[in-house]
Amino acid sequence: VLDRNPRGWFAHRYEMDLSDQDFEYTWAYFLEVREFYQRAAGRGLATVFTVDQ
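Note that the sequence shown covers residues 8 to 60 in this note's numbering.
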């Protein structure tokens with residue numbers, strides 16, 4: 008799903024209304040995190056992710 012239309016998928020699944028500027032900011036970090044996990048998986052590495060809001 009992510010490879011076919013990642014921006015559309017992300018915008019549809021995001022649970023908050025975002026301004027265009029906020030969406031671009033969030034999208035940019037999403038791409039960086041996705042790349043991080045792809046690199047880790049390619050190297051056979053485990054990762055831990057926590058979040059607190």
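Note that beta-carbon positions come from the ideal geometry of N, C-alpha and C, so glycine has one too.
N12 versus L52: straight-line alpha-carbon distance, rounded: Looking at the two C-alpha atoms, the distance is approximately 27 Å.
Best match in V40, Y32 and R46 for proximity to T57 [C-alpha to C-alpha]: Checked all of V40, Y32 and R46; the closest Cα to T57 is V40.
Coil, strand or helix - G15 by DSSP: Looking at G15 - three-state DSSP - the assignment turns out to be helix.
Same chain, Cβ closer than 7 Å to L6, neighbours up to 5 away in sequence not counted: Lying before the first or after the last residue shown, residue 6 is absent from the chain, which here runs from 8 to 60.
E22, enclosing alpha helix (DSSP H) - first and last residue: For E22, no alpha helix (DSSP H) run applies, since DSSP gives it neither H nor E.
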